[in-house]
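Asker: Okay, handing you the structure first.
Chains as they are written, first to last, in my numbering: chain A, 314 to 1018; chain B, 28 to 414.
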């Protein structure tokens, strides 16, 4: 326990003691029913508060929203027309009642009001432009809220606008919806809480109690399986054989139902969730998990099925029916449809292609085991919150009924807020433990027998005096109570456990409640974190593929769509540099740059008008190489032109003529070495120029910038 | 033809790399670099001379404007900048499409860039066959393959997205790049439409979900398809899942009426009808949020990410258009656009306090100059042209 949290708990304890001593409100953590009876009624408040009266609300309505309604909605919604409710009634009292009590406006958040949404989203009979009409309506509702001091004031500022505090023991257990529970053969609810045995409570003897050889019981009902197995005796397990498979009395059909949470979607084997088997080589049935699919094996007298229940029925891998979350999984077997699997009440659409046969060849000596194989070598990890085996295949309606009934302990907790909202006022939550680490606080409902138009806003669930920062689901609730029993939200908060279900004390914190407010100031906004700088990076970069292509086109004047240039580029595009980062440059990229440059230079030199535009008359392209390159002046002019066009004129950081000339001149020598007018004709002349051109275009001076 | 000899000749001098330190650069060197970086290609001799003169006269922004007049600024440089924004792989390889075309056109016409996420705007070729289609990208492929000059306002023209043939958008629905066909194919296809938010954050706030993670955000908008106890351990929900989904699901509601139809190969918009993908896997956590309309809420206005400086008129709204406005009005949006251009032009992410300060300065200029992306290119180009 941290010092802060410990202090908070101490404060809560003091508050509870002080409040009780002063008689302001009763209840507290030690009261309540705890085992089926609702907690005692809250004590009356010394000063019953209330929100704005209906007269005040109607007056505000008349000044703000009513004029719009009577102007634009009157033809349908005034009473004579087809529209209901009659929000545009010319009688303001009727219009107010129809508007307010049908919840057509939300004063806490005007933009979400139904009157606004009908215009903005549904385009419902806008009178001008839907967007501006919705804005006009929203503004009117906001004005209404302001007139009744709904937003940002009107309430009395107080510290500690909180409910009475309760523990789980102060609530009473909600049995929830009825499960279908006929024809059970075995039933495990895992409600024991502690110990090493999970009881079969089906009432069908002998009880197939499970010895927990590794799995542990959960306070939220269930067993958590990380290692080992939960296994019934052979004698007790035989009731499955007797009732399901025995040739004279067995039903020859059955259902395996489980609420489970797979720990992950990696385990395979199949990892045994529930099995009736002897080991990895012999089974009557098994429900298992293999990554994202469920696997269902069943032994029958069908000669296509072996003693291990194979081939298995598997849910389609692509459907990913098995998830690492709480799921209701039902496997049925009947003589007509064979094996079927349902997940969360829905048939997975995986049809059994093995014909259903009787179960006469089941082994009576196998054992019921969960979380592993009997031989302890097919571990499944996760939580089993409930398991049941039925003598018959459940119908889809029965499966849906059991899915809807849910699983685990549900507790109704009524937090007294009579101190703030008047006698008898409380807020009720359905509370459960989603797993070993968190509570679910669900579906808050506000009860206030005497208060109308009371604002209830921005709720947080506190544990031991601290509101956990994560998982809060009601901080945006902001509504006005208009009925004695009013649901506030259909959602749940996920609240981390602190000291555990036996010790945690819960309180509901409000920012707005009836005539009181305690708005939270958001914590100050911190600055953006300082930027993290890495090692110094090159200030130059590569031209990427597209820049290289366009640069070559710009320098040579050759269209990127010309001749084989386009096809060559398309073929090389993935080989050319993709980023500016010099450090990524690879030799293959240089080869691609060079190949592309050759295409451009070939098109340049072989296309007379382009060649002429680029080189002018400095070289006779029709002369043999020995003639064309015989003059030093001609060579220099050629090199100068390439340098100017490819590298730029008088750009200091680029290679200049004096640096390039010796290299290119040597290249000409090399490419014309041993030439005679006969062996090196005009084609060689053009080849040499293409080489020079390519050497320039593909050089780093052109591809780095 | 002696190809081997030819190639050998070409390769023998590839090592030309006499680029000098930019710290010693004069106006010509600065002009050359400025043009290279902005347009992606070397300048002509005449343009280089003009730019050098402007720089020498202290008008680097004017020199940058000259570089931006080269069509390759839009067709090569901007296209390369934008293409990674349009696909999940963030690949720079990709055909021109309506997303990249929209950004290119907006930059060309200096449309305030905040409208990139809100405008009822598209750009199409004036006389290009085939014409625009909701069901394929052929029009833009043709624009590119025919090398239509996108810098020419007569050849590449703005139109309303909602007026494109076959559009299912009303003017009030169109939300710039978000409602383009290319974005729909990339980010509305399959999945749950959360991807559209993720890539909006990546591309326009420069933040992937890891950088928007905040477990203090309310969980009331997290949909039913998110387990509150993955693998039976709700600590994962608290410490991981809720940190992203709390904020993300609240904003992704804006896309509830959008879907990518892989059969028709087009974006579907169904105002008033929530797409089934927003409601799938409801049994995973039945008490989660059920999408009933296209409401969005920006929960990051409080908490650690309030420092993105959200400045829009409303913290919530309906549909992608107002959500786009919320993103674009933030300071993070402005800084992000400058950062992207900085990396594109300077060839490095901000790598020093001086770089960081320059990005903030240019972001100020961006906001004060009508969110002009051209101005950002010019300012950043001038900063990185050497001195």
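Positions of the beta carbon are idealized from the N, C-alpha and C atoms, including for glycine. As the structure is a computational prediction, the values presented were derived from the model and not from experiment.
So the candidates are B/270, B/260, B/249, B/229; which of them puts its Cα closest to the Cα of residue 240 of chain B?
Answerer: Position 213 of the second chain, counted from the start, is the residue given in the question as residue 240 of chain B. The shortest CA-to-CA distance from residue 240 of chain B to any of B/270, B/260, B/249, B/229 is the one to B/270.
Asker: Could you tell me whether the Cβ atoms of residue 706 of chain A and residue 565 of chain A are closer together than 8 Å?
Answerer: For the purposes of this step, residue 706 of chain A is identified with residue 393 of the first chain, where counting begins at 1. For the purposes of this step, residue 565 of chain A is identified with residue 252 of the first chain, where counting begins at 1. The answer is no: Cβ separation not under 8 Å.
Asker: Output the residue ranges of the alpha helix (DSSP H) runs that lie fully inside the stretch 683-742 of chain A and measure 4 residues or longer, sorted by chain position.
Answerer: 709-718, 731-734
Asker: Residue 600 of chain A versus chain B: which residues are under 8 Å apart at the beta carbon?
Answerer: One-based indexing of the first chain puts residue 600 of chain A at position 287. Those within 8 Å of residue 600 of chain A in chain B number zero; the least Cβ separation is about 17 Å.
Asker: Nearest-angstrom Cα distance between residue 341 of chain B and residue 155 of chain B?
Answerer: Taking the second chain and counting its residues from 1, one reaches residue 341 of chain B at position 314. Taking the second chain and counting its residues from 1, one reaches residue 155 of chain B at position 128. Taking the straight line from one Cα to the other gives about 41 Å.
Asker: Starting from residue 539 of chain A, follow the alpha helix (DSSP H) in both directions and report where the run begins and ends.
Answerer: By one-based count along the first chain, residue 539 of chain A stands at place 226. Looking at the DSSP string, residue 539 of chain A is not in any alpha helix (DSSP H), and its letter there is neither H nor E.
Asker: Assign residue 117 of chain B to buried or exposed, taking buried as 16 or more other Cβ atoms, counted over all protein chains shown, within 10 Å of its Cβ.
Answerer: Taking the second chain and counting its residues from 1, the one referred to as residue 117 of chain B is at position 90. It counts as exposed.
Asker: In angstroms, rounded to a whole number, what distance separates the CA positions of residue 544 of chain A and residue 681 of chain A?
Answerer: Walking along the first chain from the start, residue 544 of chain A turns up at place 231. Walking along the first chain from the start, residue 681 of chain A turns up at place 368. Each residue's Cα considered, the two are about 6 Å apart.
Asker: Going by Cα to Cα distance, which pick from B/366, B/408, B/381 is closest to residue 390 of chain B?
Answerer: If you number the second chain from 1, residue 390 of chain B lands on position 363. Checking every option, the nearest Cα to that of residue 390 of chain B belongs to B/366.
Asker: Checking 8 Å against the spacing of the C-beta atoms, do residue 299 of chain B and residue 435 of chain A come in under that value?
Answerer: Your numbering for residue 299 of chain B matches position 272 in the second chain. Your numbering for residue 435 of chain A matches position 122 in the first chain. Yes, the Cβ-Cβ distance between residue 299 of chain B and residue 435 of chain A is below 8 Å.
Asker: What did DSSP end up calling residue 236 of chain B once you bin it into helix, strand or coil?
Answerer: Taking the first residue of the second chain as 1, we reach residue 236 of chain B at position 209. In the structure shown, residue 236 of chain B sits in a helix (DSSP, three-state: H, G or I).
Asker: CB residue 126 of chain B to CB residue 209 of chain B, shorter than 8 Å?
Answerer: By one-based count along the second chain, residue 126 of chain B stands at place 99. By one-based count along the second chain, residue 209 of chain B stands at place 182. Going by beta carbons, residue 126 of chain B and residue 209 of chain B fall inside the 8 Å limit.
Asker: Near residue 108 of chain B, which residues of its chain fall below 6 Å by C-beta distance, leaving aside the five closest residues on each side in sequence?
Answerer: Sequence index remark: in the second chain, residue 108 of chain B carries index 81 (1-based). Apart from the 5 residues on each side of it in sequence, residue 108 of chain B sits with its Cβ closer than 6 Å to the Cβ of 371 in its chain, given in chain order.
Asker: In chain order, what residues of the stretch 426-437 of chain A put their CB closer than 8 Å to some CB of chain B?
Answerer: 430, 433, 434, 435, 436
Asker: Which residues, taken in chain order from the stretch 240-252 of chain B, show a beta carbon closer than 7 Å to some beta carbon of chain A?
Answerer: 242, 243, 245, 246, 247
Asker: The alpha helix (DSSP H) spanning residue 389 of chain A covers which residue range?
Answerer: Here residue 389 of chain A refers to the residue found at position 76 when the first chain is read from its first residue. Its alpha helix (DSSP H) spans residues 387-390.
Asker: Closest Cβ-Cβ distance between residue 294 of chain B and chain A: below 8 Å?
Answerer: In the second chain, residue 294 of chain B corresponds to position 267, counting from 1. It does not; no Cβ of chain A falls within 8 Å.
Asker: Tell me the residue span of the beta strand (DSSP E) that contains residue 808 of chain A.
Answerer: Stepping through the first chain from its first residue, residue 808 of chain A is reached at position 495. Here the beta strand (DSSP E) through residue 808 of chain A covers 805-809.
Asker: If you compare alpha carbons, which of A/768, A/964, A/923, A/838 is closest to residue 330 of chain B?
Answerer: Within the second chain, residue 330 of chain B is the residue found at index 303, counting from 1. Ranking the options by Cα distance to residue 330 of chain B, first place goes to A/838.
Asker: Given residue 463 of chain A, which residues of its chain have a CB within under 6 Å of its CB, disregarding the five upstream and five downstream residues?
Answerer: Indexing the first chain from 1 puts residue 463 of chain A at position 150. Same-chain partners within the cutoff: 420.
Asker: Secondary structure at residue 312 of chain B, three-state DSSP: helix, strand or coil?
Answerer: As a working note, residue 312 of chain B is residue 285 in the second chain. In this structure, residue 312 of chain B counts as coil in the three-state DSSP scheme.
Asker: Entirely within the stretch 116-140 of chain B and at least 3 residues each: give me those beta strand (DSSP E) ranges in chain order.
Answerer: none
Asker: How should residue 580 of chain A be labelled, buried or exposed, when 16 other C-beta atoms within 10 angstroms of its C-beta is the threshold for buried?
Answerer: On the first chain, position 267 is the one that residue 580 of chain A refers to. Buried, by the Cβ-count rule.
Asker: Tell me the rounded alpha-carbon separation between residue 229 of chain B and residue 235 of chain B.
Answerer: Counted from its first residue, the second chain places residue 229 of chain B at position 202. Counted from its first residue, the second chain places residue 235 of chain B at position 208. Approximately 5 Å, taken between the alpha carbons.
Asker: Report the rounded CA-to-CA distance for residue 957 of chain A versus residue 68 of chain B, giving the unit in angstroms.
Answerer: In the first chain, residue 957 of chain A corresponds to position 644, counting from 1. In the second chain, residue 68 of chain B corresponds to position 41, counting from 1. Going from the Cα of residue 957 of chain A to the Cα of residue 68 of chain B covers about 15 Å.
Asker: Which residues, taken in chain order from the stretch 138-158 of chain B, show a beta carbon closer than 9 Å to some beta carbon of chain A?
Answerer: Here the close residues number zero.
Asker: Output needed for residue 79 of chain B: all residues of its chain with C-beta closer than 7 Å, excluding positions within five of it in sequence on either side, in chain order.
Answerer: Locating residue 79 of chain B in the second chain gives position 52, counting from the first residue. Taken in chain order, the residues that qualify are 54, 55, 58.
Asker: Residue 880 of chain A CB to nearest chain B CB: under 8 Å?
Answerer: By 1-based counting over the first chain, the position of residue 880 of chain A is 567. Not an interface residue.
Asker: Along the stretch 782-805 of chain A, where does the CB come closer than 9 Å to a CB of chain B? Name the residues.
Answerer: 782, 783, 784, 785, 786, 787, 788, 789, 790, 802, 803, 804, 805
Asker: With a cut-off of 8 Å, does the C-beta of residue 311 of chain B fall near any C-beta of chain A?
Answerer: Counted from its first residue, the second chain places residue 311 of chain B at position 284. By this cut-off, residue 311 of chain B is an interface position.
Asker: Using a Cβ-Cβ distance cut-off of 8 Å, determine whether residue 838 of chain A contacts chain B.
Answerer: Sequence index remark: in the first chain, residue 838 of chain A carries index 525 (1-based). Taking Cβ atoms only, chain B reaches closer than 8 Å to residue 838 of chain A, which makes this a yes.
Asker: Could you please tell me which residues of the stretch 265-290 of chain B, in chain order, have their CB closer than 7 Å to any CB of chain A?
Answerer: 265, 269
Asker: May I ask which residues mark the beginning and end of the beta strand (DSSP E) holding residue 754 of chain A?
Answerer: Against the first chain, residue 754 of chain A aligns to sequence position 441. That run of the beta strand (DSSP E) goes 751-760.
Asker: Is any beta-carbon of chain A found at less than 8 Å from that of residue 260 of chain B?
Answerer: The count along the second chain starts at 1 and reaches residue 260 of chain B at position 233. Yes - at least one Cβ of chain A is within 8 Å of the one on residue 260 of chain B.
Asker: So, for residue 105 of chain B: in the same chain, excluding its five sequence neighbours on each side, which residues have a beta-carbon less than 6 Å away from its beta-carbon?
Answerer: Numbered from its first residue, the second chain carries residue 105 of chain B at position 78. Contacts found: 131, 134.
Asker: Count the other CB atoms, across all protein chains shown, that sit within 10 Å of the CB of residue 991 of chain A; report buried if there are 16 or more and exposed otherwise.
Answerer: Taking the first residue of the first chain as position 1, residue 991 of chain A is located at position 678. So residue 991 of chain A counts as exposed.
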